[in-house]
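Numbering (the working numbering), first residue to last: 2 to 247. Ideal Cβ placement from N, Cα and C applies to all residues, glycine included. Quantities reported herein were computed from a predicted structural model and do not represent experimental measurements.
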């Protein structure tokens with residue numbers, strides 16, 4: 002008999018809504034340094050999550066584990082129902098098709114135009130020419146760079162370069178967008194323009210995890226905040242602020 006108030010499919014529904022699960026994850030490097038210590042975490046589909054904390058707290062290591070750039074020393078990571086830790090090498094590219102990455106330092110290809118930089122993200126996963134011709138203009142329009150399609154990165158402002166990075170990250174309609182200090186090289190006004198773009202992407206259903214030191218953005222947006230220190234999660238709160246006021 003089911004407990005009162007609990008439907009038979011409650012557990013199944015929870016699993017569907019949960020995009021990322023980390024269970025007792027520890028990452029120890031060959032030097033003996035522990036980057037992550039016993040991390041247990043769940044992130045739901047469609048959430049917008051800020052990762053905050055000092056440099057060296059473990060934020061970048063955590064995101065690298067999700068992307069499987071690194072693997073944990075202990076613990077399990079489930080992303081969209083797949084066990085990332087046990088994944089075979091040939092399965093990793095399929096995992097990464099579900100994840101878009103935005104970096105602080107842009108990482109654009111200098112000898113390719115804006116359109117070619119975005120198209121490259123589709124070419125590496127063997128998308129058809131038809132899909133590329135359809136998807137690239139659509140995503141450039143979304144980030145407001147239609148008129149810059151034939152420009153090269155060195156002809157763009159920092160904010161425009163970062164929007165190219167966002168376009169490249171979302172052109173494949175990823176389930177998850179990971180942004181590592183995306184506003185770190187931008188002025189305040191440009192940073193807010195970028196955040197409005199991230200909000201629009203999130204409203205369309207993409208889960209976003211953003212590592213940041215931009216306390217003003219975190220405080221204003223009132224999203225879920227996960228604070229890390231010394232490789233541990235020390236705070237996890239809904240509608241949080243950059244620093245705990247308690």
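Is residue i buried or exposed, if buried means 16 or more other CB atoms sit within 10 Å of its CB?
i: residue 149; result: buried
i: residue 235; result: exposed
i: residue 136; result: buried
i: residue 139; result: exposed
i: residue 4; result: Because residue 4 sits at a pLDDT of 42, beneath the cut-off of 50, its placement in the model cannot be relied upon, and the point is left open.
i: residue 144; result: buried
i: residue 208; result: buried
i: residue 156; result: exposed
i: residue 32; result: exposed
i: residue 18; result: exposed
i: residue 169; result: buried
i: residue 60; result: buried
i: residue 94; result: exposed
i: residue 190; result: exposed
Whole-angstrom Cβ separation of residue i and residue j, contact assumed at under 8 Å?
i: residue 35; j: residue 160; result: With 8 Å as the limit, residue 35 and residue 160 do not qualify as a contact, their Cβ atoms being about 37 Å apart.
i: residue 68; j: residue 40; result: With 8 Å as the limit, residue 68 and residue 40 do not qualify as a contact, their Cβ atoms being about 15 Å apart.
i: residue 176; j: residue 164; result: The Cβ separation is near 21 Å, so there is no contact.
i: residue 172; j: residue 96; result: With a Cβ gap of about 17 Å, residue 172 and residue 96 do not count as contacting.
i: residue 64; j: residue 179; result: 5 Å
i: residue 20; j: residue 66; result: Wrong, their Cβ atoms sit about 14 Å apart, outside the cutoff.
i: residue 188; j: residue 212; result: 20 Å between Cβ atoms; not a contact.
Within the same chain, show all residues whose beta-carbon is closer than 6 Å to that of residue i, passing over the 5 residues directly before and after it, in chain order.
i: residue 192; result: 184
i: residue 215; result: 184
i: residue 85; result: 69, 78
i: residue 245; result: 236
i: residue 75; result: 27
Short of 7 Å in beta carbon distance, which residues of its chain neighbour residue i, apart from the five on each side in sequence? Order them along the chain.
i: residue 206; result: 47
i: residue 241; result: 225, 226
i: residue 98; result: 126, 173
i: residue 117; result: none
Excluding the 5 residues preceding and the 5 following residue i in the sequence, name in chain order all residues of the same chain whose CB lies nearer than 8 Å to its CB.
i: residue 114; result: 150, 151, 152, 153
i: residue 112; result: 153
List, from N- to C-terminal side, the alpha helix (DSSP H) runs of 4 residues or more that fit wholly inside the segment 39-102.
60-67, 93-97
Runs of beta strand (DSSP E) wholly within the segment 121-162 (minimum 3 residues, chain order):
none
Inter-stretch contact (C-beta, 8 Å, three-pair minimum) for the segment 43-63 and the segment 101-119
no
Would you be able to state if there are at least three C-beta pairs under 8 Å between the segment 195-203 and the segment 24-38?
no
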